[in-house]
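The listed protein sequences derive, respectively, from chains A and B. With our numbering applied, the first sequence closes on residue 442, and no number is skipped along the way. With our numbering applied, the second sequence closes on residue 766, and no number is skipped along the way. Reading through the structure tokens given below for one structure.
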Amino acid sequence: MSTEINASAPRVTTPSGDWYPEAIDLAAVKAAHIPLYTQRTEITSDGNQAAAVAGLQMWRCLIYAGFPITPSTKWAEFSAATVNGQKGTKKRVKLMEAEHAVADYMAAASAACRDLVFTTATSSVGLDHMYETIKSMGASGLGNAMLINVYRCSANYPLCIEGDPSDTLGQRDCGWIQISCRGKQQIYDTVLQMPCIGMHHDVLTPSMPGFYGIKDSHRNARLVCEPDAAIHEFQDRWIKPCPLPGLINGDTAMGNCVTSRWFQGFKVSQKRRFEKVLDVLPQVGSDFERTFGRPGVSYFELAGWPESGGADLAVVSMGPDFGTFEELREEYAKKHGLKVAGMCIRLLSPFPREAVREQLRHARAVLVVNQAHHHTRGHLTLDVADALCNLSSPPPVISTFCGMGGADVSEATWEAMLDSGRRALEGHTPPPYQIFHEGAVL
Amino acid sequence: MKPLDLRKILQESVLEIRGDGKAGGGLVLAFQSLASLALTDPNLHVQEWPFFSSARRGANIRSYIRMSARPVRVACEVTHPSLVLLMDEGAARTADFAMGVPPGGTFVLNSTYSPEVCAKHYRLSGRVVTISGDAIGLKHLKAQIGNVSAYVAMAHAICGFKPETVIDTFLYALKKRRIPETVLQRNREALEASLTEVKEGVFEYAKPGDHALPTFAGYGNLPVGAQTALRLSQDNLTAYYARSGLRLHFADPEDKCNGCGHCITNCPEGIIQWEPHPERGLKVTGSDVTDYCKLCAECISVCPENLFSEVPFVETWQEAEVSS
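Put into structure tokens, the structure is as follows:
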């Protein structure tokens, strides 16, 4: 890196502080990138590897900081092995002494080099250890920081349980863009798109793509990798140098916020930038689909919606277990003479409440499937209920839990949950929430 | 009874595969390689994933594969596999590897016993494929590890893969793990030997109710920290975590134990046996390896007189009887 730093770079004074736009020779950084793939290539990959490959293909991503924690360890292992095998590469993998140090390092590096992308992967207690710093980063305007969260529940420290998204949903107010992925291809594609959203000049907010531990992190399947050059062309269309957001530098940078009035301004700015994600994300997703021919990032995925939009029973869920629902949906609908449709939420934060409301508006009942620990009806349930609350006659929302602690969500469990929704359609009033496992109500 | 045609299942619906083994025994590599082998066919879709947590070496683990000519969307665990693998007979002490397999399914076992003896012992109905993987591993890899042979036996059971593709795919998986060339060569020899060592037969030894899926009946009133039905192990004997084929051995024929007590204080399971000694304070007399020794080897490393060791141990089938 030292060869690319221009010590005599001109200083530009902005209302947010000083800016050295030419301090790092980005053209030299880009020229130093050694491509992983020069043409579209199919490989066998698990989720961790898919996320790592995407990061390694970005010319802006030079440093991969990390600390090993199951189930995200393989992300760091794969990154290290690949970087080690690339003779002459400028990329570096930096293992730190603990997760909080990784977060601190990410914050400092992201602030120092705002045109580059800094990424790590962590899970459960690792994310907990990063909490203080990532809260600060959420408000910092450092959209070039990307934290790959491999979902895992801290049941009772140090006991952690894979495949439970309690970690990510417990952190959904940390100010990062949280998007959930399922399947190798979606993980890879999403990691490629997130810097385009986070570093967009209207957004400038760090991003947290995530996927289920073990259920996706360790599941192997075919992965299509795009050539590095095409990825660079796509990302360069979206990522441009831009000034810092207001109120970030000087007296307010990462600490002294002087007065409550200034502080409020800081938070208002953060909130407005955050809401811009809802505008920018679909644009990036559409461009990705045009470029690579696969679906880009979106608020949610849909399955089995009638053209009229009016499903009898609409299922809202997230993660890989939605695939099991997709597989049995048609047969279940046919068996019971119902229109059953599904919505797999991807954008967890900011929650796309307007779009969710429009999609669910004509459903007769909405069944929400939660998998993370929550003190009442579930994070997704509350978000969905909030989205529907402005309707004159909102559909009833049935709240269910399953797969807690990473437990398997079997076909029998899905059928039992769907039966619960069906009973609500028949006029039964459901309890505030129910927990399901292996087809039984617990 | 006609065995199920695995290739036909693969083409017409979804071929589901499950494997039981122990952490550190190579089950995951065998399944990853089988998935990669299937993915050499551009028309196939494959999902492969292990089921384990932060499992220490020796703990029971499972792996799953789904293969199909159409995209695989189902994400839940495999409960009715048409093909199962028992990678380590020690794993069968605590898990029924044949659970949920439909009649006519295929059972692959890494075992020195013949297909018929295995079918009779585990009460299997269907096609039984065996391979003496540990012996092949010991001969070619200098280690009692049967994953190379188990992978070959599974590929043989599915049919339709060219032998050279079977070999190259496994070696490619090893290359990705940066295995040295000399070890790759030994693995090639083990793979080639395995191709000719597979034995099989069709048998009908299962009785009604054998290998039935348990019915989940809720957790009841769980005390704090309770073990639940989600565990693979039906009990909590830590001896099941020991690596198969080895057992802790204590011998002090020359009465060299100096009474330092390091083995006693370092043993996490409290299995070291001792008696008071007038001069040394205490004298170690042995270790109770029946239920709790997980071969962590703490005693081996701390004993100044090297009185503890690991010795070969043959699995006894009396401990592996299947309950109906």
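C-beta atoms are modelled at their ideal positions from N, C-alpha and C, and glycine is treated no differently. If you're wondering where the values come from, they're calculated on a predicted model, not measured in any experiment.
What residues from chain B crowd round T44(A), counting only those whose CB sits closer than 7 Å?
-> For the purposes of this step, residue 44(A) is taken as the residue at position 44 of the first sequence. Here the neighbours are A477, S478, L481.
Between S524(B) and T554(B), which are expected to be in contact by the criterion C-beta below 8 Å, what is the C-beta distance as a whole number of angstroms?
-> The residue you call residue 524(B) lines up with position 82 of the second sequence. The residue you call residue 554(B) lines up with position 112 of the second sequence. Between T554(B) and S524(B) the Cβ distance is about 25 Å, and since that is not below 8 Å, they are no contact.
Just the chain A side, please: which residues come within less than 8 Å of R515(B) by C-beta, in chain order?
-> For the purposes of this step, residue 515(B) is taken as the residue at position 73 of the second sequence. What R515(B) touches in chain A: G323, T324, E326, E327.
So, does the CB of T727(B) fall closer than 9 Å to a CB anywhere in chain A?
-> Here residue 727(B) is taken as the residue at index 285 of the second sequence, counted from 1. Chain A contact via Cβ: absent.
Using only alpha-carbon positions, find the residue among D46(A), H218(A), R294(A), I345(A) that is nearest to E454(A).
-> Look at the range of chain A in this structure, 1 to 442, and you will see that residue 454(A) is not part of it.
Looking at the unbroken beta strand (DSSP E) that takes in N370(A), where does it start and where does it end?
-> The count along the first sequence starts at 1 and reaches residue 370(A) at position 370. Residues 365-370.
In the structure shown, what three-state DSSP assignment does G723(B) receive?
-> Locating residue 723(B) in the second sequence gives position 281, counting from the first residue. It is a strand residue.
Answer with yes or no whether the minimum CB distance from I214(A) to chain B is below 9 Å.
-> On the first sequence, residue 214(A) is found 214 positions in, with the first residue counted as 1. Output row for I214(A): interface = yes.
Are any of the Cβ atoms in chain B nearer than 9 Å to that of P350(A)?
-> In the first sequence, residue 350(A) corresponds to position 350, counting from 1. Cβ-Cβ to chain B under 9 Å: no for P350(A).
If the cut is a Cβ gap below 9 Å, which residues of chain A does P544(B) touch?
-> The residue labelled residue 544(B) in the question sits at position 102 within the second sequence. The contacting residues do not exist; P544(B) stays about 16 Å from chain A at best.
Counting contacts by CB-CB distance shorter than 9 Å, is P492(B) in contact with chain A?
-> Within the second sequence, the letter at position 50 stands for residue 492(B). Output row for P492(B): interface = yes.
Between the C-alpha atoms of L418(A) and V441(A), what's the straight-line distance to the nearest angstrom?
-> Sequence index remark: in the first sequence, residue 418(A) carries index 418 (1-based). Sequence index remark: in the first sequence, residue 441(A) carries index 441 (1-based). So the two alpha carbons sit approximately 12 Å from each other.
State the CB to CB distance for the pair K94(A) and Y105(A), rounded to an integer number of angstroms; the pair is presumed to be in contact (CB under 8 Å).
-> In the first sequence, the residue the question calls residue 94(A) occupies position 94. In the first sequence, the residue the question calls residue 105(A) occupies position 105. Indeed they touch by this definition, with Cβ atoms about 7 Å apart.
Roughly how many angstroms separate the alpha carbons of M509(B) and T41(A), rounded to a whole number?
-> In the second sequence, residue 509(B) corresponds to position 67, counting from 1. In the first sequence, residue 41(A) corresponds to position 41, counting from 1. If you take the alpha carbons of M509(B) and T41(A), they lie about 21 Å apart.
Amino acids of chain A, ordered along the chain, whose beta-carbon sits closer than 8 Å to that of Q474(B) = The residue given as residue 474(B) occupies position 32 in the second sequence. Residues of chain A passing the Cβ test: T44, N220.
Under 7 Å Cβ to Cβ from K276(A), same chain only, skipping five residues before and after it: list those, please.
-> Translated into positions along the first sequence, residue 276(A) becomes position 276. Contacts found: D202, V203.
Using only alpha-carbon positions, find the residue among E132(A), A221(A), C242(A) that is nearest to G175(A).
-> Here the question's residue 175(A) lines up with position 175 in the first sequence. Checking every option, the nearest Cα to that of G175(A) belongs to E132(A).
Tell me, to the nearest whole angstrom, how far the beta carbon of I503(B) is from that of A465(B); I am working on the premise that it is less than 8 Å.
-> On the second sequence, position 61 is the one that residue 503(B) refers to. On the second sequence, position 23 is the one that residue 465(B) refers to. Correct: roughly 5 Å between the Cβ atoms.
Looking at the structure shown, is E642(B) part of a helix, part of a strand, or coil, going by DSSP?
-> In the second sequence, residue 642(B) corresponds to position 200, counting from 1. E642(B): strand per DSSP, three-state reduction.
For P754(B), which residues from the same chain have a beta carbon less than 7 Å from its beta carbon, with the 5 sequence-adjacent residues on both sides left out?
-> By one-based count along the second sequence, residue 754(B) stands at place 312. Excluding residues within five positions, the ones whose Cβ falls inside 7 Å are G687, L688.
How many Å lie between G85(A) and G337(A) at the Cα?
-> The residue given as residue 85(A) occupies position 85 in the first sequence. The residue given as residue 337(A) occupies position 337 in the first sequence. G85(A) and G337(A): Cα-Cα distance of roughly 57 Å.
Under a CB-based cut-off of 9 Å, is V452(A) close to chain B?
-> Since the first residue shown for chain A is 1 and the last is 442, residue 452(A) is missing from the structure and cannot be characterised.
Go through its chain and collect everything with a Cβ distance to D576(B)'s Cβ below 6 Å, but skip five positions before and after it.
-> For this step, residue 576(B) is matched to residue 134 along the second sequence. Hits under 6 Å: Q586, G588.
Find the residues of chain A that neighbour V625(B), judging by a C-beta separation of less than 7 Å, and give them in chain order.
-> The count along the second sequence starts at 1 and reaches residue 625(B) at position 183. Under the 7 Å cutoff, chain A gives no residues; its nearest Cβ is about 17 Å from V625(B).
Three-state secondary structure (DSSP) at P608(B)?
-> Residue numbering aside, residue 608(B) sits at position 166 when the second sequence is read from its first letter. Note that residue 608(B) is Val in the sequence shown, not Pro. It is helical.
Does the separation of the CB atoms of V570(B) and G643(B) fall below 9 Å?
-> Mapped onto the second sequence, residue 570(B) falls at position 128. Mapped onto the second sequence, residue 643(B) falls at position 201. Taking 9 Å as the Cβ cut-off, V570(B) and G643(B) qualify as a contacting pair.
Closest Cα partner of R630(B) within the set Q489(B), F612(B), Q715(B) = Mapped onto the second sequence, residue 630(B) falls at position 188. Here the closest residue by C-alpha is F612(B).
Nearest-angstrom Cβ-Cβ length linking H526(B) and A540(B), presumed shorter than 8 Å | Translated into positions along the second sequence, residue 526(B) becomes position 84. Translated into positions along the second sequence, residue 540(B) becomes position 98. The displayed chain sequence assigns Val, not His, to residue 526(B). Correct: roughly 6 Å between the Cβ atoms.
Where are the alpha helix (DSSP H) runs, 4 residues long or more, that stay fully inside the region 278-331 of chain A, in chain order?
-> none
Separation of V280(A) from R346(A), as counted between CA atoms | Locating residue 346(A) in the first sequence gives position 346, counting from the first residue. Locating residue 280(A) in the first sequence gives position 280, counting from the first residue. Between R346(A) and V280(A), the C-alpha separation is close to 15 Å.
Per DSSP, what kind of secondary structure is F493(B) in: helix, strand or coil?
-> For the purposes of this step, residue 493(B) is taken as residue 51 along the second sequence, with counting starting at 1. Looking at F493(B) - three-state DSSP - the assignment turns out to be strand.
Extent of the continuous beta strand (DSSP E) to which D462(B) belongs = In the second sequence, residue 462(B) corresponds to position 20, counting from 1. Residues 456-464.
Quick one: what's got a C-beta closer than 7 Å to L655(B)'s C-beta in the same chain, skipping five residues either side?
-> Here residue 655(B) is taken as the residue at index 213 of the second sequence, counted from 1. Excluding sequence neighbours, L655(B) sits near T521, M541, G542.
Local conformation of N502(B) per DSSP, three classes = Counting from 1 along the second sequence, the entry for residue 502(B) is found at position 60. The answer is strand: DSSP assigns N502(B) an E or B state.
DSSP three-state assignment for P557(B), whether helix, strand or coil | Counting from one through the second sequence, the residue named residue 557(B) turns up at place 115. Residue state, collapsed to three classes: helix.
Return helix, strand or coil for Q627(B), following the three-state DSSP convention.
-> Walking along the second sequence from the start, residue 627(B) turns up at place 185. Looking at Q627(B) - three-state DSSP - the assignment turns out to be helix.
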